[in-house]
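Asks: First residue of the sequence shown: 30, per the numbering used here; consecutive thereafter. For every residue, glycine included, the Cβ atom is placed at its ideal position computed from N, Cα and C. Sharing a structure here in C-alpha cells format.
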Amino acid sequence: MNFDKIFQSAQEAFLYYKKITGKEKAAFLKRIADGLEAEKGSLIPLASEESNLPEGRITGELGRTAGQIRLFAKLVEEGTWVEAVIDHADPERTPAPKPDLRRILTPLGPVVVFGASNFPLAFSTAGGDTISALAAGCPVIYKGHPAHPETSKLVAQVIHKAVIDSNLPIGVFTHVEGGIAEGQALVKHPIAKAVAFTGSFTGGKALFDLASQRPEPIPVFAEMGSVNPIIALKEKLGANVASMAKAFVGSLTLGAGQFCTNPGLIMVPSVHAETFAEAVKNELEEIAAAPMLNEGIAEAYYKSLESMKERKELEWVQVAKAKDLIKAYPALAKIKAGDWLEDDHFQQEVFGSFALMVVYENFNELYAIAQRLHGQLTITLWGEDAELSNKIDLINLLEEKCGRLLFKGVPTGVEVGHAMQHGGPYPSTTDSRYTSVGSGAIKRFARPIAFQDMPQDLLPDALKDENPLGIWRMMDGDFRK
Numbered sequence: 030m031n032f033d034k035i036f037q038s039a040q041e042a043f044l045y046y047k048k049i050t051g052k053e054k055a056a057f058l059k060r061i062a063d064g065l066e067a068e069k070g071s072l073i074p075l076a077s078e079e080s081n082l083p084e085g086r087i088t089g090e091l092g093r094t095a096g097q098i099r100l101f102a103k104l105v106e107e108g109t110w111v112e113a114v115i116d117h118a119d120p121e122r123t124p125a126p127k128p129d130l131r132r133i134l135t136p137l138g139p140v141v142v143f144g145a146s147n148f149p150l151a152f153s154t155a156g157g158d159t160i161s162a163l164a165a166g167c168p169v170i171y172k173g174h175p176a177h178p179e180t181s182k183l184v185a186q187v188i189h190k191a192v193i194d195s196n197l198p199i200g201v202f203t204h205v206e207g208g209i210a211e212g213q214a215l216v217k218h219p220i221a222k223a224v225a226f227t228g229s230f231t232g233g234k235a236l237f238d239l240a241s242q243r244p245e246p247i248p249v250f251a252e253m254g255s256v257n258p259i260i261a262l263k264e265k266l267g268a269n270v271a272s273m274a275k276a277f278v279g280s281l282t283l284g285a286g287q288f289c290t291n292p293g294l295i296m297v298p299s300v301h302a303e304t305f306a307e308a309v310k311n312e313l314e315e316i317a318a319a320p321m322l323n324e325g326i327a328e329a330y331y332k333s334l335e336s337m338k339e340r341k342e343l344e345w346v347q348v349a350k351a352k353d354l355i356k357a358y359p360a361l362a363k364i365k366a367g368d369w370l371e372d373d374h375f376q377q378e379v380f381g382s383f384a385l386m387v388v389y390e391n392f393n394e395l396y397a398i399a400q401r402l403h404g405q406l407t408i409t410l411w412g413e414d415a416e417l418s419n420k421i422d423l424i425n426l427l428e429e430k431c432g433r434l435l436f437k438g439v440p441t442g443v444e445v446g447h448a449m450q451h452g453g454p455y456p457s458t459t460d461s462r463y464t465s466v467g468s469g470a471i472k473r474f475a476r477p478i479a480f481q482d483m484p485q486d487l488l489p490d491a492l493k494d495e496n497p498l499g500i501w502r503m504m505d506g507d508f509r510k
C-alpha cells in the first residue's frame, strides 16, 4: 500500500478543506449521518454478524452514531467552538504601542484514526474520533479494525459518497486495512499530525511511544479503558443493598462486560460485605452467558480469570460457570482492602464481566484505596447526602483520579453532549485534558494560531471586526457577539 500517495492526497485535501465554511462542513457531516441511516437495512445485520452483538444493540449504536455526527454538524455550523479572541491595537499606549492580536483554533492536519473492536459503529469508521477530526477540518486516514472489516468498508463507502456529493477533495477521507506493521507505518508517516485510538492499554501505549519517537513527535489521543471503581459508603449501602446489587450487576455484565465503562472494581464497607456479596451472587445467578466479540477476546477473558484464581488473597463469590469458546460467564471475587493495597496487579482491567469487591474496614482504609487508585475514566461514589457532606476530602482526592465522577447510577452509559468528559488521567488515556465523547472532542484536533496586525480582508471570518459569522467572541477581555 502506497502510504506516501495516501498522505500526500490527504495533505492536499487539508489545504482546501480547512478553509471551507462551518456551514459547508456541517452539510458534509449531515450527509454522512443521512447515508448511514439510509444503509441501516444492510448495516445493522452486517455489524451484528461480525461483532456478535444483538441487532437491538447495533440499532441503538447506529442512532448514537448518527446523533453524534449531527451534534458536531451543529457545533461547526454555529462556529463559536473556534474560541476567537480579539485584542484591538492601541497605538497610543506607552511606553510601547499595543499591536492588534487575534487568536483562533485552526485544524492540525491529517489525522490517523484506529477504530475500536467493541463498538463497530460509534467508535469506529464514522465514530467519534473520525467525526470530531473531520469537524475540526482535518482529513482522516482510517485503519479498519479486523474485528468487523465488512462493516467498516460499508461505512467507508457512505463517507466517500458524502465526500463526492459535497464536492470535497477525495483525500478528505481514506480507508485502509492491514495489521500491526501497517498501523505503525501510518503513525510514523511524517505528514500525520495526530493519532486517535480506542482500545487496550498495550495497543494505545505502543502507539503513544511510537509517535513520541518520531523526528517530529505528534499527539496520540488514546482511550485505553479502566476498571471504573464504584465506592459504596456505609449508610447508602445499608439502606439499599438489593437495589445497589442489582444496579452493579447490570452495569458489570452489560455487553458481556465489553464496555470501557463497565465497573471492574467495587469498594464496600465490611459491615455490609457479606450481605452485599450474597445479593450480588443472587443477581449473577440470573445472568445468562453472553457472546463476546470474538473467540480471541473470550479466550483472553478466561485466561485472565485463570490467572486470578491463582491468587490466594481472593475469595470467590461467583466463579464463571464454564469456559466457553465465545460466551462470557460473569465472575466476582472478594479481597480485603489490606491485600488489595499490596499489589497493583489487582487494578488491572479484565475485559469482560469480572469484578473485584474490595472490603474496607473504615474510612482510613477507604482513603488509602483512593490514594492508590490509578487514573480512571470514571469513579462512582454511592452515598447519602449527609455521608457525602462529611467526605469532602475524599471527593477532592477522587477528582484527581478520574475524568467523570458520578454520584448516582452506574458508569455504563456515556451521554453524547456538550458537558461529557470521556477521558481521564493515565493510564485510562494518554492525555487527560481531552474527551473522546461529546463536542469537546473536536479540540483534540485543533491548535491555536494568532495573527498580529493582519489586514481585515485577510483575516478568517471569525476574527473580522464585523463578525460575519455572528459567533460569541472574547473582545478586549469581554465575551460578546
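1) Please list the terminal residues of the continuous beta strand (DSSP E) segment that includes H204.
2) Near F474, which residues of its chain fall below 7 Å by C-beta distance, leaving aside the five closest residues on each side in sequence?
3) Measuring straight from C-alpha to C-alpha, what distance separates S80 and S181?
4) How should E444 be labelled, buried or exposed, when 16 other C-beta atoms within 10 angstroms of its C-beta is the threshold for buried?
5) According to the Cβ coordinates, are H447 and G432 closer than 8 Å?
6) Pick out the complete beta strand (DSSP E) segments inside the region 255-330, 3 residues or longer, and give them in chain order.
7) Going straight from the alpha carbon of L426 to that of R93, what length do you get?
8) Do K493 and Q485 come within 8 Å of each other at the CB atom, strictly closer than that value?
9) Taking only runs that begin and end inside the region 428-461, name each unbroken alpha helix (DSSP H) of 4 or more residues, in chain order.
10) Please determine if the region 143-154 and the region 221-239 are in contact, where contact requires at least 3 C-beta pairs separated by less than 8 Å.
11) Which term fits M30, buried or exposed, when burial requires 16 or more other beta carbons within 10 angstroms of its beta carbon?
12) Quick check on DSSP: helix, strand or coil for E252?
13) T458 to F101, Cα distance in whole Å?
14) Thinking A60 and A214 are a contact (beta carbons under 8 Å), I'd like their distance in whole angstroms, please.
15) Please state whether DSSP places Y358 in a helix, a strand or coil.
16) Does any C-beta atom of chain D lie closer than 8 Å to the C-beta of G157?
17) So the candidates are G232, F480, E429 and A285; which of them puts its Cα closest to the Cα of D353?
18) Counting only runs that start and end within the region 104-133, where is the beta strand (DSSP E) found for 3 or more residues in a row?
19) Quickly, what does DSSP pair L410 with across the bridge? List them, please.
20) Thinking just about the alpha-carbon of each residue, which of A329, E315 and E314 is nearest to the one in M321?
21) Rank M296, A318 and Y46 by C-alpha distance to the C-alpha of N196 and give the top, closest one.
22) Tell me the residue span of the beta strand (DSSP E) that contains P477.
23) Cβ of E206 within 8 Å of Cβ of L75?
24) Which residues in the same chain have their Cβ closer than 6 Å to the Cβ of I316, if we skip the five residues on either side of it in sequence?
25) Return yes when the Cβ of W411 is within less than 8 Å of the Cβ of K265, no when it is not.
26) Excluding five sequence neighbours on each side, which residues of the same chain lie with their C-beta closer than 6 Å to the C-beta of E252?
27) Can you tell me the Cβ-Cβ gap for S299 and E390, rounded? I've got them flagged as a contact below 8 Å.
28) I'd like to check one pair, L65 with V256: are the Cβ atoms closer than 8 Å?
29) Given this structure, state the Cα-to-Cα distance separating I398 from L370, to the nearest angstrom.
30) I need the DSSP call for F226, collapsed to helix, strand or coil.
31) Rounded to whole angstroms, what's the CA-CA distance from L72 to H189? Just pull it up for me.
32) Quick one: using the 10 Å Cβ neighbour count with 16 as the cut-off for buried, is T123 buried or exposed?
Replies: The relevant details are as follows:
1) The count along the sequence shown starts at 1 and reaches residue 204 at position 175. H204 -> beta strand (DSSP E) spans F202 to V205.
2) The residue you call residue 474 lines up with position 445 of the sequence shown. Counting only Cβ-Cβ distances below 7 Å, and skipping sequence neighbours, we find P136, L137, V140, S161, A162, A165, C167 and A223.
3) The residue you call residue 80 lines up with position 51 of the sequence shown. The residue you call residue 181 lines up with position 152 of the sequence shown. Cα to Cα, the separation comes out at about 12 Å.
4) Reading the sequence shown from its first residue, position 415 is the one you call residue 444. E444 is exposed by the Cβ-count criterion.
5) Sequence index remark: in the sequence shown, residue 447 carries index 418 (1-based). Sequence index remark: in the sequence shown, residue 432 carries index 403 (1-based). Not in contact: H447 and G432 (Cβ atoms no closer than 8 Å).
6) The qualifying runs are 259-261 and 294-298.
7) Counting from one through the sequence shown, the residue named residue 426 turns up at place 397. Counting from one through the sequence shown, the residue named residue 93 turns up at place 64. Those two C-alpha atoms are separated by around 33 Å.
8) Position 456 of the sequence shown holds residue 485. Position 464 of the sequence shown holds residue 493. Result yes, Cβ atoms of Q485 and K493 sit closer than 8 Å.
9) none
10) yes
11) On the sequence shown, residue 30 is found 1 positions in, with the first residue counted as 1. It counts as exposed.
12) Stepping through the sequence shown from its first residue, residue 252 is reached at position 223. E252: strand per DSSP, three-state reduction.
13) Reading the sequence shown from its first residue, position 429 is the one you call residue 458. Reading the sequence shown from its first residue, position 72 is the one you call residue 101. Spanning the two alpha carbons is a distance of roughly 22 Å.
14) What you label residue 60 is simply residue 31 of the sequence shown in a count that begins at 1. What you label residue 214 is simply residue 185 of the sequence shown in a count that begins at 1. Checking the sequence shown, residue 60 turns out to be Arg, not Ala. Their Cβ separation, rounded to whole angstroms, is 30 Å, which puts R60 and A214 out of contact at 8 Å.
15) Your numbering for residue 358 matches position 329 in the sequence shown. Coil at Y358, not helix or strand.
16) The question asks about chain D, but that chain is absent: this structure has only one protein chain.
17) Position 324 of the sequence shown, counting from 1, holds the residue named residue 353. When each option's Cα is compared against that of D353, the closest is A285.
18) 114-116
19) As a working note, residue 410 is residue 381 in the sequence shown. L410 pairs with I260.
20) On the sequence shown, position 292 is the one that residue 321 refers to. Minimum Cα distance to M321 is reached at A329.
21) Start at 1 with the first residue of the sequence shown, and residue 196 comes out as number 167. Here the closest residue by C-alpha is Y46.
22) The count along the sequence shown starts at 1 and reaches residue 477 at position 448. P477 -> beta strand (DSSP E) spans A475 to Q481.
23) Sequence index remark: in the sequence shown, residue 206 carries index 177 (1-based). Sequence index remark: in the sequence shown, residue 75 carries index 46 (1-based). No.
24) Taking the first residue of the sequence shown as 1, we reach residue 316 at position 287. Cβ within range, chain order: T282 and P359.
25) Taking the sequence shown and counting its residues from 1, one reaches residue 265 at position 236. Taking the sequence shown and counting its residues from 1, one reaches residue 411 at position 382. Yes, these two residues count as a Cβ contact at 8 Å.
26) Along the sequence shown, one-based indexing puts residue 252 at 223. Counting only Cβ-Cβ distances below 6 Å, and skipping sequence neighbours, we find T227, T458 and S465.
27) Here residue 299 corresponds to residue number 270 of the sequence shown, with the count starting at 1. Here residue 390 corresponds to residue number 361 of the sequence shown, with the count starting at 1. Between S299 and E390 the beta-carbon gap is near 5 Å, inside 8 Å, which marks them as a contact.
28) Here the question's residue 256 lines up with position 227 in the sequence shown. Here the question's residue 65 lines up with position 36 in the sequence shown. Their beta carbons are not under 8 Å apart, which means V256 does not touch L65 by this criterion.
29) Residue numbering aside, residue 398 sits at position 369 when the sequence shown is read from its first letter. Residue numbering aside, residue 370 sits at position 341 when the sequence shown is read from its first letter. Each residue's Cα considered, the two are about 7 Å apart.
30) Here residue 226 is taken as the residue at index 197 of the sequence shown, counted from 1. Reduced to three states, the DSSP call for F226 is strand.
31) For the purposes of this step, residue 72 is taken as the residue at position 43 of the sequence shown. For the purposes of this step, residue 189 is taken as the residue at position 160 of the sequence shown. Each residue's alpha carbon lies about 16 Å from the other.
32) Along the sequence shown, read from residue 1 onward, the residue named residue 123 stands at position 94. When all chains shown are included, T123 counts as exposed.
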